[in-house]
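What follows is a single structure, written as structure tokens, with notes after it.
Residue numbers (mature numbering (1 follows the signal peptide of the UniProt record, and there is no 0)): -27 to -1, 1 to 204.
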């Protein structure tokens, strides 16, 4: 499949998978990442084509936003050729399905750079980098010229060995980005390694903290008052 045809195919798949939520209103949110470098979205790219293909999406700098949501989440981010030397502060685009970081002098990507990017389906990187989470965290990895294409983020919780190793008993696995997971306590369990059963005793805990705070404040007040009188 040629590069152009592949791009059209990818945009079509993402449009089908991408849920359009018709929420009244329009957001005035300004994202710094959208103006990380000069220029607007390029035509003929995956991000640009996605934004143009759906009337509920709009362009803002290097971003493609869902304009009918409040606030408008970033669905696509194109930081191609932005002279980036490291990937940081992309949390504003954590809801993105497409991100293009190709043609940048990136040397490495930290493991937490895409933490929380659970909707990411398509990622373009310089050819010297590996897909975040490792190539095994993606359905398809392809080298096209000087660009590595990471497509179809896998659900890291589907690996039973990984879940049993990281998540303790009485906990549930939740995806947290490419190759990343969270272990949340199951219902009615809490505490260290989810070993305590039953509802968390909020009233009891905060009651004790409240009483302790009052007692400490009273002692400090009494001590300071005695010192003031001594002078």
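C-beta atoms are modelled at their ideal positions from N, C-alpha and C, and glycine is treated no differently.
- Residues 50, 96 of the same chain have their beta carbon placed closer than 6 Å to that of residue 72, with the five preceding and five following residues left out of the count.
- Residue 189 has its alpha-carbon roughly 49 Å from the corresponding atom of residue 7.
- Check the Cα spacing between residue 98 and each of 106, 112, 77: the tightest is with 77.
- At least 7 Å separates the beta-carbon of residue 38 from that of residue 74.
- When Cβ pairs closer than 8 Å are counted between the two stretches, the segment 84 to 93 is seen to touch the segment 150 to 160, the count reaching three or more.
- Following the DSSP letters along the chain, one finds residue 26 inside the alpha helix (DSSP H) bounded by residues 19 to 26.
- A distance below 6 Å between beta-carbons, with the five flanking residues on each side excluded, links residue 113 to the following residues of its chain, in chain order: 124, 125.
- For the options 160, 118, 165, 121, the alpha carbon positioned closest to that of residue 141 is the one of 165.
- With at least 16 other beta carbons inside 10 angstroms of its own, residue 105 counts as buried.
- Annotation: residue 3 is outside any beta strand (DSSP E) and is labelled neither H nor E by DSSP.
- Taking C-beta atoms under 8 Å as the contact rule, residue 100 and residue 70 fail to qualify, at a distance of about 22 Å.
- For residue 114, the uninterrupted beta strand (DSSP E) run begins and ends at 111 to 117, by DSSP.
- Residue 19 sits away from residue 46, with the two beta carbons spaced by 7 Å or more.
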